[in-house]
Amino acid sequence: MSKLLHIQSSPRGERSASITVASKFTESYKAAHLEDTVETVDLWKAELPEFDGAVLDAKYAILNGQPHTAAQLEAWTAVVKLCEHFKSADKYVISLPMWNFSIPYKLKHYIDLLAQPGLTFSFTPAEGYKGLVTGKPLVAVYARGGAYGPGSGAETYDQQSAFIKQIFGFIGFTEIHEIFVEPTLAGLEVKEEAMAGALRSATDLAFML
Ligand SMILES: Cc1cc2nc3c(=O)[nH]c(=O)nc-3n(C[C@H](O)[C@H](O)[C@H](O)COP(=O)(O)O)c2cc1C
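Throughout, our numbering is defined as the position within the sequence shown, counted from one, plus 17.
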């Protein structure tokens with residue numbers, strides 16, 4: 018039995034293109050994997066701890082090879098809990114809108130909490146940086162108002178998929194599947210066509226994963 022974790026980062030609920038496509042993926046996944054469980058985290062409802070003060074100092078203590086103070090240890094517990102929760106899943110789907118060519122700040126906040134030495138990556142002078150979340154597939158569902166694919170002329174503006182591949186690659190992911198819903202703001206007909214294609218890809222991928 019595997020656990021699929023769906024991390025939602027659009028605040029638009031049922032109107033969200035990224036959530037609609039990712040939900041199609043999770044529904045199809047459930048139909049194809051009857052034994053598995055699906056958990057959804059809405060980052061706009063989740064209580065994400067601030068990453069400052071003692072918790073920030075706790076990260077630097079690890080990076081500098083120093084022991085934690087009592088206050089740092091206590092603050093670090095919330096980060097450990099978030100990382101352990103993330104790592105408790107076997108498969109992942111992250112749905113995200115493009116915001117200012119990149120990702121919504123709630124998802125960045127979550128990632129800033131998640132990318133931690135000793136929890137999701139390690140560093141040794143001999144081996145350099147090593148991701149610790151390995152052997153697990155990730156599906157990223159991107160929604161964008163414009164179009165950024167090959168031949169669009171806007172490829173270099175896409176810091177959304179580039180960042181997701183880089184940061185999740187950094188913490189160990191080697192199997193990253195991407196579904197794009199674009200353009201969503203070029204007229205209703207164009208959006209419907211983009212949605213239809215993405216929904217088909219989501220269904221196909223759910224049965225393969
Ligand atoms: C704050 C904000 C910033 C946005 N920035 C961009 C952008 O840089 N490029 C783009 O193509 N669309 C941009 N959009 C449009 C969204 O990416 C688009 O509407 C997308 O379909 C939203 O996904 P969702 O329906 O899952 O929330 C932006 C939307 C918002 C609210």
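Where is the CB? At the ideal position from N, CA and C, for every residue including glycine. Predicted, not measured: the structure shown is a model, and the values here were computed from it.
query	result
Mind listing, in chain order, the residues whose beta carbon lies closer than 5 Å to a non-hydrogen atom of ligand 1?	S27, R29, S33, A34, S35, P114, M115, W116, N117, F118, A160, R161, G162, G163, T201
Tell me H23's beta-bridge partners as DSSP assigns them.	T57, V110
Could you tell me the alpha carbon to alpha carbon distance between G189 and F140, rounded to whole angstroms?	13 Å
With the cut-off set at 9 Å, would you say A39 and A219 are in Cβ contact?	yes
Since E209 is in the alpha helix (DSSP H), which residue starts that stretch and which ends it?	205 to 225
Excluding the 5 residues flanking A211 on each side, which residues of the same chain have their C-beta closer than 7 Å to its C-beta?	V198, E199, P200, T201
Leaving out the 5 sequence neighbours to the left and right, which residues in its chain are closer than 6 Å to A92 when beta-carbon positions are compared?	A71, V72, A75
Under three-state DSSP, which class holds Y159?	strand
What three-state label does DSSP hand V198 in the structure shown?	strand
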